[in-house]
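Some notes on the structure that comes next.
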Amino acid sequence: MKTSPNESSSNAAPVPTISSIGPNQAGLAQQITVTINGTNLANVSLVSFDLAGSEPRSGPAGTINPATQTDTQIQVTLPICQGGFTPVNNAVPIDITLVVDGVSTQLPGLFTFQLPTVTGISPAVGPLAGKTSFIVSGQYFTGAGDVLFGQASTGVCKVLSDTSISCQNPNQGTAGSVNVSVKVQGVQSTNQVPFNYLAVPAITQVSPNNGPVGTVVSLTGSGFSADSTVSFGGTAATATVVSPTSITVPVPSGVSGIVDITVTAAGGTSATCGADRFEVGTGPFTIPLTLDLRGANLPAGTPAYAYIVGEVAQPGGVNDFYWFNPATQLPQLMTTGDNSNLAATFPGSSTLPPAAQAALAANYPDAWANYSIPLSLSAANTINLATINPTNVPGLSTGTAAFSGRIYLSLGLPILPFTVKSNGYAAPVPAAAASSVAGALCLFDWIEFSFDSNQNFNGNTTQVDQFGLALTLNGTPPSDPTLIQGVLSQSRAEIIEAFSVGGTVPTPFGAGTLVVSVPAALAGNLGTPTAPLYVYPKGTTHLRLMSPNNNTASATPDATLASYFDQEINTWYANWATTPVVTFDPASKHYTGFVPTTGANQGSLCFYSGQLTSQPTSPPAFVLVGQSGENITSSDVWQCANSLALPNASAAQLNVGKILAAAFNRGIAGYSLTDVYSANCSAAFYPTGGTWNTWAQQFHAVSKNTLAYGFPYDDVCDQNPSINLTETLSVTITLAPLG
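If you want the numbering used here, it's the 1-based position in the sequence shown plus 18.
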């Protein structure tokens with residue numbers, strides 16, 4: 019017993035004693051009433067609950083009930099336990115101080131505050147997504163502020179009683195067991211109980227992936243449990259769970275077409291993906307790519323071909339290149355052995371006059387591969403995209419490991435030549451000089467696309483390199499006519515006429531600068547009146563329009579186009595020398611560019627992370643100069659390359675480069691540039707009197723939905739004509755009439 023030092027007066031009140039306390043323990047915030055039994059208690063005016071070993075009256079005081087106070091008993095409502103203690107065996111030892119006439123008597127070891135104790139949780143399992151309602155059992159939960167799953171907080175909980183808490187658990191990144199604890203007054207329970215997060219089922223393979231009702235299907239995946247259920251497009255099936263990674267199930271009745279198979283277990287329901295799809299029927303699983311030439315009004319007998327080529331990234335930075343073989347109806351690896359056609363030779367050459375043979379021979383400067391797929395003019399042509407799968411294309415996955423390629427379409431006698439190199443393939447891309455690049459004497463165009471292992475399709479129509487044919491692109495799901503890309507308000511002939519001599523497009527873009535005409539030796543009827551022979555569809559006078567991007571990259575670029583942006587670049591460098599340019603895109607956020615007038619980077623565009631008003635003294639994050647140290651040039655803007663897209667540049671530098679490339683192409687270079695579709699991203703494109711890419715402006719203007727790919731980074735601000743299909747059901751490419 020400890021007493022105050024000045025209590026020795028002969029008139030001092032009798033010293034109080036405690037014989038028992040009931041109850042003699044409580045939770046940290048459990049403000050219950052306790053009964054103190056003893057002697058000399060009638061005049062006690064204060065009862066404090068002090069941490070063991072501390073000074074009398076240093077702890078919080080309880081509330082005495084005077085109506086029940088006698089010389090042998092006091093009833094006191096407990097205070098909330100204060101912090102600063104060191105628990106002993108999950109409890110806080112307390113000394114009780116009784117005050118009579120100002121004299122304190124401290125009696126040790128008679129009471130304890132108990133830390134929360136967790137004894138159970140129900141249910142004890144749940145999915146990774148969380149939001150499972152559960153009850154935690156234990157003791158001393160009054161005043162609980164949180165329930166923790168590992169270190170993750172559940173947020174709002176409801177304390178049902180001192181022994182029960184109701185909550186919902188947080189989500190968890192990985193499956194497995196975590197310890198559950200309770201916090202009261204910020205103090206975490208030392209004893210914990212496990213909760214097991216169950217993996218969400220996932221299907222990685224369906225075998226077979228097609229067949230009639232009743233076909234027994236094997237599902238491979240993970241997270242399967244004995245209580246798993248299976249459905250085909252929402253129709254329940256009777257499944258047999260073989261193991262946590264294997265289920266067998268017959269196709270139930272009432273299912274038709276292509277459906278997603280899903281597995282539901284305690285961990286949740288499997289997410290749909292390309293790997294879980296099944297097609298009810300007798301044929302192979304099919305995702306039709308339709309090439310429709312029926313509305314193009316082509317003369318009967320016109321040769322027409324498709325070519326599907328692409329690549330898949332492999333570990334180590336080496337890509338595999340594929341072509342679609344119409345004989346096997348499968349994608350096939352390209353090899354140099356495919357170059358089985360001799361240089362200067364081509365099918366059908368013997369039917370042409372010597373001058374035409376000589377002219378077309380230049381279209382085949384090297385040994386080449388014939389990857390053509392003959393097309394019908396009178397029926398829809400269908401190719402199965404579903405054959406592009408991990409079985410046929412090893413390494414196929416999602417993201418950068420998707421199949422990335424082109425779907426070409428050519429008309430007329432000349433077939434597009436692909437000369438396969440030891441490190442890949444050379445795609446047929448036209449150049450200013452008609453015979454300088456393979457394929458330049460073909461009448462053709464293409465769709466760019468990617469297709470991944472989840473059967474997601476992304477594709478776009480493009481005029482980045484040329485305009486040869488008017489192609490439209492659509493697909494399902496969804497089936498929405500407003501999503502068709504590439505629909506033009508003018509015909510192919512009208513668009514080419516606008517760029518021709520006397521057309522409406524101003525120089526240096528118009529007046530024939532970018533027009534590639536059919537060579538005289540290949541024009542018109544090369545046969546006889548009774549046996550006409552045309553290299554290209556009858557009436558064709560032009561092969562294509564060359565884009566400024568290709569013109570300025572050729573060996574003989576137009577001189578005015580080659581320096582077209584020089585003055586605009588110089589003007590904005592001078593402007594940025596006094597006021598910086600700030601760029602923004604969602605991935606890299608803000609970067610600020612300065613053109614210093616002195617120092618190591620004098621005259622160059624230097625970028626720093628963040629929104630800044632003055633140039634820091636620290637080195638810049640990057641400087642936009644080319645590989646030889648030159649500042650942005652007109653060629654860089656046309657090609658969206660070199661200083662604007664250096665090899666091995668950081669993601670932030672590439673993002674800034676494409677924003678600047680788009681700004682110069684659109685004539686909107688300024689002090690605040692963004693790659694987010696907004697008012698300042700679209701309202702002022704191609705301003706009157708400005709310097710901008712008229713080629714791109716023209717194709718945006720004739721596109722019915724205003725979207726076009728007129729230069730390589732025309733996707734800045736979502737201006738490109740793309741379709742994005744999740745779990746593709748079909749893709750359709752349609753050829754518009756030439757005239």
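Even glycine gets a Cβ: it sits at the ideal position worked out from N, Cα and C.
Computed from a predicted structure; not experimentally measured.
Contiguous beta strand (DSSP E) elements confined to the stretch 460-516 occur at 461-469, 475-479, 489-494, taking only those with 3 or more residues. 8 Å or more divides the Cβ of E329 from the Cβ of G251.
Look at L393 here: in three-state DSSP terms it is coil, with no helix or strand label. Short of 7 Å from the beta carbon of L672, and not among the five residues preceding or following it, lie these beta carbons of its own chain, in chain order: A663. Annotation for G675: the continuous alpha helix (DSSP H) segment containing it runs 669-684. Among the bridge pairs identified by DSSP, P145 is matched with L216.
Looking at the DSSP output, Y325 shares a beta bridge with Y426.
Burial state of V277 is buried, judged by a 10 Å Cβ sphere holding 16 or more other Cβ atoms. Under the DSSP assignment, I406 falls outside any alpha helix (DSSP H); it carries neither an H nor an E label. In terms of Cβ geometry, V248 and V281 form a close pair [threshold 8 Å]. A contact between stretches requires three or more CB pairs, one per stretch, nearer than 8 Å, and the stretch 297-312 fails this requirement with the stretch 376-386.
Checking the DSSP bridge columns, you'll see V202 partnered with A162, V205.
Annotation: P302 is outside any alpha helix (DSSP H) and is labelled neither H nor E by DSSP. Inclusion of A669 and A605 in the CB contact set at 8 Å is warranted, their separation being smaller than that value. Rounded to whole angstroms, the Cβ separation of P105 and D113 is 16 Å, and the two are not in contact under 8 Å.
Annotation for V655: the continuous alpha helix (DSSP H) segment containing it runs 652-657. Of all alpha-carbon atoms in G101, G313, P78, V613, the one lying nearest the alpha-carbon of L623 is that of V613. Within the same chain, Cβ atoms closer than 7 Å to the Cβ of I425 are found at A324, I326, W464, I465, F467, I751, the five residues on either side in sequence being excluded. Taking all protein chains shown into account, Y552 has 16 or more neighbouring C-beta atoms within 10 Å of its C-beta and is therefore buried. Taken in chain order, the complete beta strand (DSSP E) segments of 3 or more residues contained in the stretch 569-653 are 599-603, 607-612, 623-627, 640-642.
Here the C-alpha atom of P705 lies approximately 8 Å from the C-alpha atom of I686. Boundaries for Q49: no beta strand (DSSP E) harbours it, and the DSSP string shows neither H nor E there. Put simply, the backbone Cα of W386 is about 19 Å away from that of L429. Of the residues P230, T160, T88, the one whose Cα lies closest to the Cα of I50 is T160.
According to the DSSP assignment, T712 belongs to the alpha helix (DSSP H) that extends over 712-720. Using a Cβ-Cβ distance cut-off of 8 Å, the stretch 72-87 and the stretch 151-170 are not in contact, since fewer than three pairs of beta carbons, one from each stretch, lie closer than that value. With the rule of 3 Cβ pairs closer than 8 Å, the stretch 255-268 counts as touching the stretch 228-236. Within the same chain, Cβ atoms closer than 7 Å to the Cβ of G56 are found at P34, T35, I36, S37, T90, the five residues on either side in sequence being excluded. The beta carbons of A257 and S246 sit about 7 Å from each other, so the pair counts as a contact at 8 Å. At a cut-off of 4 residues, not a single continuous stretch assigned as alpha helix (DSSP H) sits fully inside the stretch 322-368. Here A571 has Q657 as same chain residues with Cβ atoms under 7 Å from its own Cβ, once five neighbours each way along the sequence are excluded. Within the same chain, T490, K722 come within 6 Å of V505 by CB-CB distance, once the 5 residues on both sides are set aside.
Each residue's CA atom was taken as its position, placing K556 and T354 some 35 Å apart.
Shown here, P268 sits in a strand according to DSSP, grouped into three states.
Within the same chain, Cβ atoms closer than 6 Å to the Cβ of Y591 are found at V613, the five residues on either side in sequence being excluded. Taking the Cα of V599 as reference, the smallest distance to any Cα among Q620, F583, G628 is reached at G628.
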